[in-house]
Amino acid sequence: MTHPILDRPDILQVIFHPRRDYNFSSNIPAVYPVAVEVEPGVAVTGRLHPASTDSPAIVYFHGNGEIAADYDELAQIYVDLGITLLVMDYRGYGSSDGKPTASNLLSDAVTVFDAVGEIFQSHYLSPKQFYVMGRSLGSAAAIEVARYAGDRLAGLIIESGFADTFALLSRFGVIIKRAEEERDGCGNAFKLSQITTRTLIIHGQNDVLIPVEDALELHRSSAAQDKEILLISQAGHNNLMLLGMDLYFEAIQNFLGV
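By my numbering, the letter at position 112 of the sequence shown is numbered 112, and the numbering carries on one by one without gaps.
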């Protein structure tokens with residue numbers, strides 16, 4: 001599915017803030033570069049942080065101003081908890097080819113998920129359970145994967161996610177008339193109404209970029225019988241780790257059962 005409105009150049013400048021990192025590999029031991037071909041001659045890259053062979057694994061989609069390399073140190077917390085973490089970039093981010101668009105963000109996320117088994121096998125990993133997680137912009141990618149993957153996923157984690165694309169754009173001063181979220185936007189809340197996968201939502205109560213009401217709407221919309229929401233007091237959009245790290249990782253640890 002394409003998104004002609006969201007793929008307009010003026011909209012893309014608001015949605016995406018790509019950063020390059022041409023150092024494909026990491027200087028940190030046991031961090032492995034990965035690449036997934038999303039169309040002929042175009043690959044998106046990421047970083048794999050393995051725990052033990054059969055540890056549960058999270059495929060992680062980051063925010064619009066981040067790159068996979070930003071997570072090299074934070075990923076160690078996941079590994080110490082016994083969780084394998086695969087952080088993926090978008091087109092134009094990190095060492096990935098191409099330029100990002102909303103349509104590619106969603107379709108590439110599905111392609112990445114289809115490649116995950118091969119990625120893990122090539123690093124001698126056989127996770128018993130797969131999870132997908134998305135932060136901020138990455139929530140759209142993660143929700144798209146969850147809708148596609150169905151019961152192949154053990155769970156969906158949404159951090160600082162948005163419910164309505166056009167309400168988010170309006171907070172950046174971009175008003176789009178006659179657009180319908182289900183038809184023209186990412187449709188996060190609508191898609192969640194079709195997803196029964198176990199779901200954990202984490203959000204800062206003082207988030208002004210994506211207000212906590214979005215998290216509440218996502219939670220209300222979710223069709224999952226097993227769904228949880230963690231609201232971190234006084235936290236905004238970019239300081240959840242600073243103000244609520246213990247609560248954040250306790251929730252993830254409990255959700256994964258590690």
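The beta carbon of each residue, even a glycine, is placed where N, CA and C say it ideally should be. Quick caveat: nothing in here was measured; it's all calculated off a predicted structure.
Measuring CB to CB, does residue i end up less than 9 Å from residue j?
| i | j | result |
| --- | --- | --- |
| residue 22 | residue 47 | no |
| residue 110 | residue 78 | no |
| residue 88 | residue 36 | yes |
| residue 12 | residue 142 | no |
| residue 5 | residue 184 | yes |
| residue 214 | residue 140 | no |
| residue 235 | residue 199 | no |
Can you give the Cα-Cα distance for residue i and residue j, rounded to whole angstroms?
| i | j | result |
| --- | --- | --- |
| residue 63 | residue 189 | 18 Å |
| residue 155 | residue 65 | 25 Å |
| residue 197 | residue 150 | 7 Å |
| residue 186 | residue 178 | 15 Å |
| residue 222 | residue 41 | 37 Å |
| residue 258 | residue 193 | 28 Å |
| residue 153 | residue 239 | 28 Å |
| residue 53 | residue 10 | 45 Å |
| residue 202 | residue 230 | 5 Å |
| residue 60 | residue 75 | 10 Å |
| residue 206 | residue 161 | 14 Å |
| residue 30 | residue 58 | 16 Å |
Using DSSP bridges, identify the partner residues of residue i.
| i | result |
| --- | --- |
| residue 157 | 133 and 200 |
| residue 232 | 204 |
| residue 20 | 94 |
| residue 49 | 85 |
| residue 44 | 36 |
Check the C-beta distance from residue i over to residue j and give it rounded, since I have them as a contact under 8 Å.
| i | j | result |
| --- | --- | --- |
| residue 108 | residue 44 | 6 Å |
| residue 247 | residue 232 | 6 Å |
| residue 272 | residue 50 | Residue 272 is absent from the structure shown; the chain starts at 1 and stops at 258. |
| residue 209 | residue 131 | In fact, because the Cβ distance is near 25 Å, the residues do not count as touching under 8 Å. |
| residue 127 | residue 18 | That belief does not hold up - the Cβ atoms of residue 127 and residue 18 are roughly 29 Å apart, past 8 Å. |
For a test of the three-state rule: what should DSSP assign to residue i, helix, strand or coil?
| i | result |
| --- | --- |
| residue 118 | helix |
| residue 39 | strand |
| residue 33 | strand |
| residue 58 | strand |
| residue 258 | coil |
| residue 174 | coil |
| residue 227 | strand |
| residue 111 | helix |
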